[in-house]
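Below is one structure, written out as structure tokens, with a few remarks after it.
Numbering (the working numbering), first residue to last: 940 to 1118.
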């Protein structure tokens, strides 16, 4: 528990224009990995524009680790087919959490993350103050595939007793150690 900073809730909203891996469609699901953690959504049958609307929660101990997303097509009699992958980092999101944000109006944009060669963002990603919390909406363009995007939303959960609880500066100790 000492090394845990907090929890990152990832709302896996939907996939858009995913690749066809079966005869006319696919049976997609998403796998999210961070370090040794691995989480999975349910399978949506015969849909290249699936809506998962599932919350998956990662324990964050090392905020410098990238979060990797893999999309697969569920197959019954063979190995599941790859439908692309993407990755993103949570540094900008955690940086926004460090700010004193109480009292901001709902919908205030705290920060923006631009797509670049180092990330898989399909468009600008906004970190927004919503209902007393910072959330980040992300659209990831899948790599190693002909088409497809996955839409996510990030939300931080502090854990009482964790080293990140009520001490947001602790979450960034890794940056100071690196410099």
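In this text, a Cβ means the ideal position worked out from N, Cα and C, and glycines have one as well.
None of the values given here were measured: they were computed from a predicted structure.
Exposure of residue i, with buried meaning 16 or more beta-carbon neighbours within 10 Å
{"i": "residue 1161", "result": "Past the boundaries of the shown model lies residue 1161; the chain is included only from 940 to 1118, so the question cannot be answered."}
{"i": "residue 989", "result": "buried"}
{"i": "residue 1115", "result": "Annotation note: pLDDT 43 at residue 1115 (below 50); position unreliable, no value reported."}
{"i": "residue 965", "result": "buried"}
{"i": "residue 1064", "result": "buried"}
Whole-angstrom distance between residue j and residue i, CA atom to CA atom
{"i": "residue 1080", "j": "residue 963", "result": "22 Å"}
{"i": "residue 1095", "j": "residue 1077", "result": "14 Å"}
{"i": "residue 950", "j": "residue 1099", "result": "22 Å"}
Element boundaries [beta strand (DSSP E), containing residue i]
{"i": "residue 1064", "result": "1064–1069"}
{"i": "residue 1050", "result": "1047–1052"}
Candidates the options: closest to residue i by CA position
{"i": "residue 1032", "options": "947, 982 and 986", "result": "947"}
{"i": "residue 944", "options": "1083, 1064 and 1001", "result": "1001"}
{"i": "residue 1055", "options": "1027, 1072, 1036 and 1034", "result": "1027"}
{"i": "residue 1038", "options": "1071, 1019, 1011 and 1062", "result": "1071"}
{"i": "residue 955", "options": "985, 1100 and 1086", "result": "1086"}
{"i": "residue 1003", "options": "1029, 981, 1097 and 993", "result": "1029"}
{"i": "residue 1057", "options": "1067, 1092 and 1005", "result": "1005"}
{"i": "residue 1018", "options": "953, 1089, 960 and 1090", "result": "960"}
The ligand GTP heavy atom lying under 6 Å from the CB of residue i
{"i": "residue 1046", "result": "Because no ligand of any kind appears in the structure shown, any question about the ligand GTP cannot be addressed here."}
Residue i vs residue j beta-carbon contact at 7 Å
{"i": "residue 1083", "j": "residue 1020", "result": "no"}
{"i": "residue 976", "j": "residue 997", "result": "yes"}
{"i": "residue 971", "j": "residue 978", "result": "yes"}
Closer than 7 Å to chain C by CB, residue i
{"i": "residue 1094", "result": "Looking for chain C here will not work: only one protein chain is present."}
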